[in-house]
Amino acid sequence: MLKKKQFREKVGIPDNKFVIFGDGQVQVRKGVDDFAKLAQANPDIQFIWAGGFSFGKITEGYDRLKKLVANPPKNLLFTGIITRQELVNYLNISNLFLLPSYDELFPMSVLEAFSCGTPVLLRNLDLYKAIIDGYYMSGNNFDDFNQIIQSVLSDPEKLKMYHTLSLKASDEYSEANLTKVWREFYLEQYDLGKKMGQIK
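Take the sequence shown: its position 139, counting from 1, is numbered 358 in the working numbering, and each next residue is one higher.
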């Protein structure tokens, strides 16, 4: 693993540049449009998105998103698909991890961000509340995300607090503990489905 300063130099990002990192397949469901819009609204921040078109041309909005990746805002870097080690390197140089997905099965990248101590900002989804509530910032839309970004830029202590919370979450959500939490969550959903007559 490269040190933060070394990796920033390697990818051409100055030490004092605020970095927001997100990852996942380049598709509408992942909130890539909001990510790009936030980059346009915050030209002094370096935005980085790691991930590619895993489903190729059948990806929703493929042609439009392909154009975005080919010609992004100047402060938005699309890395394409990267290795796990590269993911860790990017998380380590990032001031904030942003995943604006509209729908998730719970991406492991959130746990990776926690393990690196990177503060986390997610879309306000019930799934996250059920599993990791209290350890991340959340917003419902572009305006919320933008407001939160401005708040952490002007309040470094808030960012430090979420750095600490990320490390705490990493300790709490070990693989063994997460398996237990998931099992309980799905059993609750199953019981609820039976009570509502959705499962027979």
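All C-beta atoms, glycine included, are put in the ideal place defined by N, C-alpha and C.
Asked                                                                                                                                                              : Found
What does the Cβ neighbour count give for Pro233, buried or exposed, with the cut at 16 atoms within 10 Å?                                                         : exposed
Would you please state the rounded distance, in angstroms, between the beta carbons of Gly270 and Val245? I believe it to be under 8 Å.                            : 6 Å
Buried or exposed: Ile418, going by 16 or more other Cβ atoms within 10 Å of its Cβ?                                                                               : exposed
What residue does the alpha helix (DSSP H) around Met356 start on, and which one ends it?                                                                          : Per DSSP, Met356 belongs to no alpha helix (DSSP H); it is in the beta strand (DSSP E), Met356 to Gly358.
Output needed for Lys236: all residues of its chain with C-beta closer than 7 Å, excluding positions within five of it in sequence on either side, in chain order. : Gln265
Where does the unbroken beta strand (DSSP E) through Arg303 begin, and where does it stop?                                                                         : Not the beta strand (DSSP E): Arg303 falls in the alpha helix (DSSP H), residues Arg303 to Ile312.
I'd like the list of long-range same chain contacts for Phe333, defined as Cβ closer than 6 Å, with 5 residues on each side in sequence excluded.                  : Ser385, Ala388 and Ser389
Suppose the cutoff is 8 Å on Cβ atoms and the five residues either side in sequence are ignored; what does the same chain contact list for Pro291 look like?       : Ala255, Ala258 and Phe297
Beta carbon of Ser320, beta carbon of Phe240: below 8 Å?                                                                                                           : no
Please classify Phe237: does DSSP put it in a helix, a strand, or coil?                                                                                            : coil
From the DSSP secondary-structure annotation, give me the bridge partner or partners of Trp268.                                                                    : Gly241 and Phe297
Determine the DSSP secondary structure at Leu341, reduced to helix, strand or coil.                                                                                : strand
Ends of the beta strand (DSSP E) at Phe325?                                                                                                                        : Here Phe325 belongs to no beta strand (DSSP E), and DSSP marks it neither H nor E.
Buried or exposed: which applies to Asn308, given that a residue is buried once 16 or more other Cβ atoms fall within 10 Å of its Cβ?                              : buried
For Leu386, which residues does DSSP report across the bridge?                                                                                                     : DSSP lists no partner for Leu386.
Could you say which of Lys229, Asp282 and Arg248 lies nearest to Asp322 if we only look at CA atoms?                                                               : Arg248
Less than 8 Å between the C-beta atoms of Leu341 and Tyr347, yes or no?                                                                                            : yes
In three-state terms, what does DSSP make of Leu315?                                                                                                               : strand
Taking just the CA atoms, how far does Arg283 sit from Asn343?                                                                                                     : 26 Å
Please report the straight-line C-alpha distance between Gly358 and Gly250, rounded to a whole angstrom.                                                           : 12 Å
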